[in-house]
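Colleague:
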Amino acid sequence: MIPLNFQTGINRERTRYSSKGHWYDGNRVRFRDGQPENIRGWTKKVNNQFHGVARAITSWASLEGSSYAAFATDQLLYIFSGGAIYDVTPIATSVNTSSTAPLCYSSTGSTKIVVDWVSQSPTLDTIDVAQNTFVIVSTAGGLSVGGVALDGTFRVSLPAVLSTDRYFKIITSTSAASNSSVVVTNATFQFLLNAGQQTQTEGLGYGTYLWDVPRTTLGAGTGYGTPASVGTGFTVKPRNWTFTNWGEDLVATPRGGQIYIWQENNGVNTRSYAITSAPTENTLVIGSPLTQRLVACGTMGVTTSVFDPMLVRWCAAVDEGGYNEWIPAESNTANSQRLGDGSEIRGAVYSRNQILIWTDNSLHGMTPTGGDYIFTTVQIGTNCGLVGLHAAVEADGVAFWMSQKNFFMYDGTLKILPCSVRQYIFDDLNDCVYDKVYAGFNKEFTEVTWLYVAEGSSECDKYVSYNPVDGWWSFGEAIWTTWEDKKLFNTILTTGSGSYLYDNEPEGIYTGDGAAITSFVETGDFDLDAAGNADSMIFVDRIVPDVALPQGGSIDLSLSFKRYPLSSSSTKGPFTITSATEKVSMRGRGRQASLKVERGTTANTRWKLGKVHVDMMADGPR
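Be aware that the sequence shown starts at 0, since it is given in numbering that gives the first Met the number 0, and climbs by one per residue.
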């Protein structure tokens, strides 16, 4: 009987055969005390769906001890409190129809109501309303058209050309009972903050040659007035958000937009609103707790009002006007500075009493020092830029992040993380949607996790995890787009599949919202290697499993055999293993073998693998 010993973590930097003594593949497993076990599952925290795909999440507590979470999608901004989610998206434009009343039309069986906006002011193109933006309609007396009530919150569907078509449609939850029309007098249309891009696109713009020269003459993508070729334009990034706090209030900033604040003492049924004196275009905003200031990174110039992707600005001190004052003056300490080494600021986290700011190429540390400039900023490293807005996370005073080629950490010293799955992950990563990478920390198990979009997908569907204490790596399938470690709530908060808010890894739950989920771990190929003879055959006729199943259920165990490293394998099993299984009798033969353990047929199964023994002996060739 020979014990099978394998090093902790998954190693994909080698071939399967050269990974002898290592775990080679897996899904939804972690390693504790050197042994693999399946991770916990998830449940819906709220049964109500939200709109869009969530891109950011945070949690905090009020002075009275109330717990809040906030998350934002490409469409709306939400607060979670008291077991429910609330839409707190700011209102961008409010229009009253008392002077000129629009007509609303319904068609039998349709869930779209046409709103004729021809005579309204401001016009649709002036409002700059976008597809999928929401509008709140409030009518005097509760008007309806075709049996559909017009009061409520509706998604907007736009025509091709706003400036000429001059109408929009509101999408309702019920179908109209008839063809009808109604004059909407003395009503209010409140257009919420425009919905953003759900995924990354490429803006092609105009060509660079002569106006209206035929494409057949010059070729596609040439000539002014013809679209540029794919790969030659600029990137339009998906709508993303950053969060910070001003006391017990939430500060929320959509990338490229204004800074908004939601005030806790106004209640969950009130909306956030713009800080009108703040810069109007910002990549991100982060708080500086020691100086009690907001810091805008990638923002508008102080005097030019031109967006500078490398500019950092901070607001005045609390007693100088706080976030309502951003213009430097003798009466305040608001100021700015510009970073070097990069083309744009990508992200920022607060760690070790300083703000860490990443560009696309470098890392900078912004430390409060007092004096006229309040902050001193130094460059920490180069060729270590951030891959996306949320690809960095702070964990117990250490920052971890993903660049376009490596994983890094900073604990006072910049380090490249040794990674046993690096090439596998970066080959798997869809580099067209880097910006959706999301980093999170699991303090309970001391794990840093990056959610990412795999090649061929458009939303996060994979993850890679790192344990900085034991140094192991693992990876697997994911359904989440954001991650917030347990702080004020009992579980990790995530958003993901189906547009739901989830409790992630609750105690005792090993299902995906009640459904069975796959978990497995598989070794590299091993052999006897008797006296260095790689041609030795092995024969296995018995397996003695060692597995803990604290909640009952079963796992499946199988052995696969090969004659050569690149040969097709012959699999014995899977064999069902329960707590009562003493041994498995079988007959398997080859030069190499590999072991696979996966979750059995029972849905809520918790398993932890111990040390498996096999009855393995040398066998001659046949």
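Beta carbons are placed, not taken as given, at the ideal position from N, Cα and C, and that holds for glycine.
Since the structure is predicted, the reported quantities are computational estimates derived from the model, not experimental observations.
#1: In whole angstroms, what separates the C-alpha of W471 from that of A53?
#2: From which residue to which residue does the alpha helix (DSSP H) around S566 run?
#3: Please say whether I274 and Y322 have beta carbons closer to each other than 7 Å?
#4: Do you know whose CA, among L62, S271, G387 and S578, lies nearest L701's CA?
#5: Taking DSSP's pairing of strands, which residues face E581 in a bridge?
#6: Per the contact definition of three or more C-beta pairs closer than 8 Å, is the region 502–509 in contact with the region 32–42?
#7: Going by beta-carbon coordinates alone, are V397 and A438 separated by less than 7 Å?
#8: Quick one: what's got a C-beta closer than 6 Å to A390's C-beta in the same chain, skipping five residues either side?
#9: To which residues of the same chain is N640 closer than 8 Å at the C-beta, ignoring the five residues directly before and after it?
#10: If you count every other CB in all the chains shown that lies within 10 Å of the CB of S464, and 16 or more means buried, which is it?
#11: Out of curiosity, what's the CA-to-CA distance linking E343 and G475?
#12: Going by CA-CA distance only, name the one from A602, T381 and D371 that's closest to I356.
#13: Sort out for me which residues DSSP pairs E446 with in a bridge.
#14: Would you kindly work out how many angstroms separate the C-alpha atoms of G266 and T92, rounded to a whole number?
#15: Which first and last residues belong to the beta strand (DSSP E) in which L123 is found?
#16: Can the beta-carbon of V144 be found closer than 7 Å to that of V182?
#17: Can you check which of these residues, S330, W325 and T298, is closest to R345 by C-alpha distance?
#18: Do you know offhand how far D434's Cα is from T57's?
#19: Going by beta-carbon coordinates alone, are L413 and I373 separated by less than 7 Å?
#20: Applying the 10 Å Cβ sphere with the 16-neighbour rule, what's the burial state of V452?
#21: Where does S163 fall in DSSP's three states?
#22: Measuring CA to CA, which of G300, D545 and R337 is closest to W325?
#23: Just the Cα atoms here: how many angstroms apart are T173 and V147?
#24: Whose C-beta lies closer than 7 Å to the C-beta of P327 among residues of the same chain, with five residues either side of it excluded?
#25: Reducing DSSP to helix, strand and coil, say where V433 ends up.
#26: Beta-carbon within less than 7 Å of Q6's beta-carbon, same chain only, minus the 5 sequence neighbours each way: which residues are those?
#27: How do the region 536–555 and the region 568–582 stand: do at least 3 beta-carbon pairs fall below 8 Å, yes or no?
#28: Might you give, ordered along the chain, the residues of its own chain that have their beta carbon closer than 7 Å to the beta carbon of P549, omitting 5 neighbours on each side?
#29: Can you check which of these residues, A592, K561, G513 and S566, is closest to I542 by C-alpha distance?
#30: Alpha carbon to alpha carbon, how far is S361 from K461?
#31: Short check: CB of V96 to CB of L75, under 7 Å?
#32: Near L450, what residues of its chain come up, given a Cβ to Cβ distance below 6 Å and the 5 sequence neighbours on each side ignored?
#33: In three-state DSSP terms, what is F488?
#34: Using a 10 Å radius around the Cβ and a threshold of 16 neighbouring Cβ atoms, would you call T163 buried or exposed?
#35: Evaluate N264 with the Cβ neighbour count: other Cβ atoms within 10 Å of its Cβ, from every protein chain shown; 16 or more gives buried, anything less gives exposed.
#36: Within the continuous alpha helix (DSSP H) that includes Y423, where are the two ends?
Modeller: According to the structure data:
#1: Between the alpha carbons of W471 and A53 lies a gap of roughly 29 Å.
#2: That residue, S566, is in no alpha helix (DSSP H); it is neither H nor E in DSSP.
#3: Yes, the pair counts as a contact, with Cβ atoms nearer than the cut-off.
#4: For residue 701 there is no data in the structure shown, the boundaries of the chain being 0 and 621.
#5: Answer is none; E581 lacks a bridge partner.
#6: Output reads yes: the region 502–509 touches the region 32–42.
#7: The beta carbons of V397 and A438 sit no closer together than 7 Å.
#8: Excluding its 5 nearest sequence neighbours in each direction, A390 has C-beta neighbours in its own chain below 6 Å: W400, M401, V436 and A438, listed in chain order.
#9: Summary: the structure shown does not reach residue 640, with the chain confined to residues 0 through 621, and so no result is reported for it.
#10: Around the beta-carbon of S464, 16 or more other beta-carbon atoms lie within 10 Å, marking it buried.
#11: A direct Cα-Cα distance of roughly 31 Å separates E343 from G475.
#12: Its Cα nearest to that of I356, the residue T381 stands out among A602, T381 and D371.
#13: According to DSSP, E446 shares a beta bridge with N441.
#14: The straight-line gap from Cα to Cα measures roughly 22 Å.
#15: Per DSSP, L123 lies in no beta strand (DSSP E); the unbroken alpha helix (DSSP H) holding it starts and ends at L123 to I126.
#16: Going by C-beta atoms, V144 is not nearer than 7 Å to V182.
#17: Of the listed residues, the one whose Cα sits closest to R345 is T298.
#18: Distance between the alpha carbons of D434 and T57: 18 Å.
#19: Cβ atoms of L413 and I373: not closer than 7 Å.
#20: Classified as buried, V452 has 16 or more neighbouring CB atoms from the shown chains inside 10 Å of its CB.
#21: Position check: residue 163 holds Thr in this sequence, whereas Ser was assumed. The three-state secondary structure of T163, taken from DSSP, is helix.
#22: Taking only the C-alpha atoms, the option nearest W325 is G300.
#23: Looking at the two C-alpha atoms, the distance is approximately 7 Å.
#24: Counting only residues of its own chain and dropping the five nearest sequence neighbours on each side, P327 has a CB closer than 7 Å to the CB of V301, A333 and N334.
#25: Looking at the sequence shown, residue 433 is not Val but Tyr. Y433 falls in the helix class under three-state DSSP.
#26: Excluding sequence neighbours, Q6 sits near G20 and H21.
#27: Enough Cβ pairs lie closer than 8 Å, so yes.
#28: Taken in chain order, the residues that qualify are R605.
#29: Comparing Cα-Cα distances from I542 to each of A592, K561, G513 and S566, the minimum goes to A592.
#30: The alpha-carbon separation between S361 and K461 amounts to approximately 26 Å.
#31: Note on residue identity: the sequence assigns Thr, not Val, to residue 96. Contact flag unset, no.
#32: Excluding sequence neighbours, L450 sits near Y437, C459, Y462, A477 and W479.
#33: Coil at F488, not helix or strand.
#34: The residue is exposed, with fewer than 16 neighbouring Cβ atoms inside 10 Å.
#35: Its Cβ having fewer than 16 others within 10 Å, N264 is exposed.
#36: Boundaries of the alpha helix (DSSP H) around Y423: R421 to D427.
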